[in-house]
Structures are given as structure tokens and as C-alpha cells.
Amino acid sequence: MRQIRLLPTLAILLALGLWAAVASQPIAHAQQNLLVNPGFDGQYSSFVPQTDQQKAACTLGVCTTAQMPDGWFPWWVSQSATDGELINRMPEYKPVCPSQPCPYLDRVKGGVQAAQYFTFHSTHTAGMWQRVTVPANARVKYTIWGQAWSSASDAIPSDYPTPVNMRIGIDPTGGSNPFSGSIVWSGYQNPYDNYVPFEIEAAAQGTAVTVFMWSAPAEPRKHNDIYWDEASLVVVGQGSAPAGGGTGSGAAPAAPAYVPGPTPTPNAEGLILVTVQPGDTMWALAARAGLTLDGFLELNPPLTRDSFINVGEQYIIGKVDPPAAEPTPSRKPRPKRPPPKKALAIPLVKRPPRQPLPPRPSHPPSQRPLLLGPPSACGLLMTPTAMAF
């Protein structure tokens with residue numbers, strides 16, 4: 012009877028033991044996070060460039076603008092000759108919390124810190140990565156929480172955001188090239204101002220895999236800030252993972268490209284106009300002109316933040332003083348002749364009045380002397396009365 016009474020007790024204990032063994036299996040499994048520093052906590056330090064591209068961007072031998080958490084490395088696409096000035100700039104990497112207690116707790120998912128990188132008034136194609144040793148050919152699941160602040164101003168929440176195209180991936184071969192065709196990518200998300208989970212699965216092709224974070228904002232914004240926290244990489248089995256993992260396509264899009272148009276010049280009224288091209292937005296027009304969105308709207312009073320713009324429309328992006336009117340061309344004026352010299356004023360001498368000649372003596376005709384010829388040697392002057400006929 013005593014043995015019979017013990018049987019129910021033994022059965023209960025055996026059942027409890029089996030339940031404990033089964034229940035403890037996923038708990039132990041969940042604790043096997045294979046990542047180094049999955050919470051992005053601890054000390055941050057300047058990244059030492061490894062590739063020629065990175066060395067060209069970090070000429071001091073270290074990237075002082077890339078402060079990285081232990082175990083993680085940055086990657087970014089360098090600006091090409093065909094990129095616009097605001098396209099594909101190297102982001103700045105740094106911890107979310109500059110001090111403790113953290114003043115930006117809404118940017119931290121767990122622990123005391125989170126990773127962030129950002130570009131100011133520009134875009135980027137960039138992210139982070141870590142290479143991890145795993146059991147041979149293990150099927151692994153990579154999860155992480157991410158959020159973005161994409162804002163045309165300093166406002167929170169995001170003001171006039173652009174798609175930030177965040178995603179994560181696993182390279183089953185353990186490579187470090189974010190453009191490798193072997194990477195299995197998750198789908199894209201745009202988690203403005205709130206953390207959301209990202210998840211992807213892949214089967215290792217050996218004993219190492221590499222996990223990636225990726226973001227590529229479509230347009231420049233004053234703030235294109237990306238945040239990551241609470242990452243995890245765990246073994247979930249053996250063999251091949253479902254194609255594409257948990258959340259979407261693995262096709263990597265090309266880096267955003269900007270084709271600059273002609274340089275705007277002032278018109279006759281001194282207005283600098285820009286013509287809307289396919290894909291343009293008000294913010295894109297403003298950013299390319301070096302304006303804030305509010306500055307662009309101020310120059311174009313009919314527009315508001317809710318307005319739509321159409322291809323071919325023209326908008327003001329600047330003003331200058333109207334150009335001065337060019338003078339009408341005319342003949343070269345002839346040099347003026349010098350005025351004629353004034354004649355010297357010679358004073359007139361007033362002559363005395365002519366004195367009348369004395370009257371001739373009147374003679375009778377018979378008394379007039381008659382000159383018959385040249386005077387004789389004797390000088391005889393003959394008068395009629397002295398002549399003899």
C-alpha cells in the first residue's frame with residue numbers, strides 16, 4: 012500500500028522534471044547571443060581605417076569622426092565625382108548618450124547606451140558590421156532594434172522626413188563587403204522616432220557570418236540620424252534558412268545618385284529660378300540651393316508645407332540686384348575745335364582832318380603860262396604875250 016501511494020507522487024515529480032527540462036531549453040538557447048557588445052554599451056574609440064577608401068577619408072590615420080563601440084566597425088559609400096555636393100557624405104558615428112544619466116533616453120532601447128550615425132543637410136549610404144564565429148553551417152537569426160530621426164528642422168518628431176531605407180543583413184560567408192551578392196537582406200523600414208524590430212535568418216556557409224546594418228536616406232535633410240540598439244545573433248538550427256529570411260528581399264539597391272542640372276542664373280528682374288525635375292521635392296530644391304525649407308517657402312509665398320509641385324514649374328531660390336542697363340552705343344564724339352584766337356585789338360589812330368589845299372591863283376586865260384617844250388638852256392619861259400608870230 013505504501014508503494015502504491017508513492018506512485019502518484021513519483022509521477023508528479025517526473026512530470027515536473029520533464030517540464031522543467033523542456034522549459035529551460037529555450038531559455039538557455041535564448042541566452043546564447045553570439046554578438047560582441049550587442050547593447051552598444053561601454054567605451055567608444057576612434058576607428059582606425061582599414062581600406063584605401065577609408066584611409067583617404069581619414070587622413071590623420073584615425074577617423075576621429077567615427078567613434079565606434081567595441082566589436083563594431085563602420086562602413087560607408089564615399090562621394091563620387093558624379094554625386095551632388097549633398098549626396099553620399101561620410102556620416103559621423105558616435106554614442107547616443109554623451110554623458111550619464113543619458114539626456115536622450117527616447118533614443119535608447121535598453122541598457123545605458125545606443126549607437127548612432129548621421130549626416131547633416133545631406134544623404135549617406137552607410138551602416139555598421141560585425142563578423143561572428145558560429146557553429147559550422149548553423150542556421151542563425153539576427154535581430155536588432157532601429158529608429159530614425161529625419162527632419163527638415165530641429166523639430167521632434169521628424170519634420171517633413173525622407174525615406175531612410177533602413178534594413179539589416181547576414182553574409183553567410185563571413186565577408187565584410189556590404190554590396191556582396193551573398194548577403195541575405197531583410198525588408199526596408201522607415202521607423203521615424205520610435206524603435207521597431209528588424210529580423211533576418213540565414214544559414215552559415217562555414218564557421219563565420221557577418222551581420223550588417225544599412226541605411227540610405229533618399230533626400231538631404233537637416234537631420235538624417237540613424238539609431239541602433241539591442242542586437243542579437245542566435246543559432247536556431249542547422250541547414251538552410253528560408254530564402255530571404257524573415258522580412259523581405261535581399262536585392263541591394265544602387266546608391267542614390269544625383270544628376271545636377273544647369274546652374275541657375277538671375278533673370279532680368281534679379282530672380283534666380285529653378286525648374287522642377289522628375290523626382291524633385293520642395294525640400295530637395297531648397298537643399299540644393301543651400302536653403303532651409305522655411306527659407307524656400309518664404310521666397311515662394313503661395314507654397315506651404317502641404318503644397319504639391321509639378322515637373323516644369325519654376326520657383327525662386329534666390330534674389331540679386333537687377334543688372335544695370337547697358338548704355339546705348341553711339342558714335343565717338345569728334346573733338347571740339349579750339350575757339351579761334353582773337354585778333355589783336357589795334358587802336359585806331361584818328362587822323363587829323365585833311366587841310367584843304369590853298370586855292371590856286373586865278374589867272375586870266377591870257378596870263379596862264381604856256382609851256383611849249385622843255386625849257387631851254389636858258390630856262391626861258393614864254394608867255395603868249397611875248398611870242399611873235
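In terms of my numbering, the sequence shown opens at residue 12 and continues consecutively.
For every residue, glycine included, the Cβ atom is placed at its ideal position computed from N, Cα and C.
Within the same chain, Thr286, Val287 come within 8 Å of Gly323 by CB-CB distance, once the 5 residues on both sides are set aside. Per DSSP, the continuous beta strand (DSSP E) segment holding Ala214 begins and ends at 207–214.
In the three-state reduction of the DSSP assignment, Asp236 falls in the strand class. Rounded to the nearest angstrom, the gap between the Cα atoms of Ile211 and Val220 is 13 Å. A contact between stretches requires three or more CB pairs, one per stretch, nearer than 8 Å, and the segment 84–102 meets this requirement with the segment 139–152. Counting the other Cβ atoms within 10 Å of the Cβ of Asp291 gives 16 or more, which makes it buried. The C-alpha of Tyr104 lies about 26 Å from the C-alpha of Gly192.
Thr221 is bridged by DSSP to Arg142, Asp182. In the DSSP annotation of this structure, the continuous segment of the beta strand (DSSP E) that includes Ala77 starts and ends at 74–80.
Trp196 and Val107 have their C-alpha atoms roughly 26 Å apart. The residue among Ala149, Gln158, Leu284 with its C-alpha nearest the C-alpha of Val247 is Ala149. Rounded to whole angstroms, the separation of the alpha carbons of Gly157 and Ala137 is 14 Å.
Inter-residue distance for Met79 and Asp236 is about 16 Å (C-alpha atoms, whole angstroms).
The segment 98–126 contains, as complete beta strand (DSSP E) runs of 3+ residues, the segments 103–106 (chain order).
Counting every other CB atom within 10 Å of its CB across the protein chains shown gives Gln366 a total below 16, marking it as exposed. For Ala149, the enclosing beta strand (DSSP E) starts and ends at 149–162.
Nearest Cα to Phe307 within the set Ser164, Ser110, Pro208: Ser164.
Going by DSSP, Lys330 is part of the beta strand (DSSP E) stretching over 325–330. Comparing alpha-carbon positions, the option among Tyr326, Leu45, Pro369 lying closest to Leu310 turns out to be Tyr326. The Cβ-Cβ distance between Ala166 and Met177 does not fall below 9 Å. In the three-state reduction of the DSSP assignment, Gly50 falls in the coil class, being assigned neither a helical nor a strand state. With contact defined as three or more Cβ pairs closer than 8 Å, the segment 126–133 and the segment 88–100 are in contact. Looking only at Pro277, Ala67, Arg348, the smallest Cα-Cα distance to Ser91 is reached by Ala67.
A residue is called buried when at least 16 other Cβ atoms come within 10 angstroms of its Cβ; Phe319 does not meet this threshold and is exposed. Secondary structure of Gly248 (DSSP, three-state): strand. Of the residues assessed, Arg316 falls on the exposed side of the cut-off, its CB having fewer than 16 other CB atoms within 10 angstroms. Rounded to whole angstroms, Gln64 and Val88 show a C-alpha spacing of 9 Å.
Here DSSP, grouped into helix, strand and coil, assigns Ala137 to strand. For Asn188 and Gly329, the gap between their C-alpha atoms comes out near 43 Å.
Looking from the CA of Gly121, the closest CA among Trp294, Thr75, Tyr206 belongs to Tyr206. Leu282 has its alpha-carbon roughly 41 Å from the corresponding atom of Trp225. Residue environment: Thr173 is assigned as buried (16 or more neighbouring CB atoms within 10 Å of its CB, all protein chains considered). Sixteen is the threshold: since fewer than 16 other Cβ atoms of the shown chains lie within 10 Å of the Cβ of Gly217, the residue is exposed.
If you check the CB distance, Ala242 and Thr154 come in under 9 Å. Scanning its chain for C-beta atoms nearer than 6 Å, with the 5 sequence neighbours on each side dropped, one finds around Pro168 the residues Asp204, in chain order.
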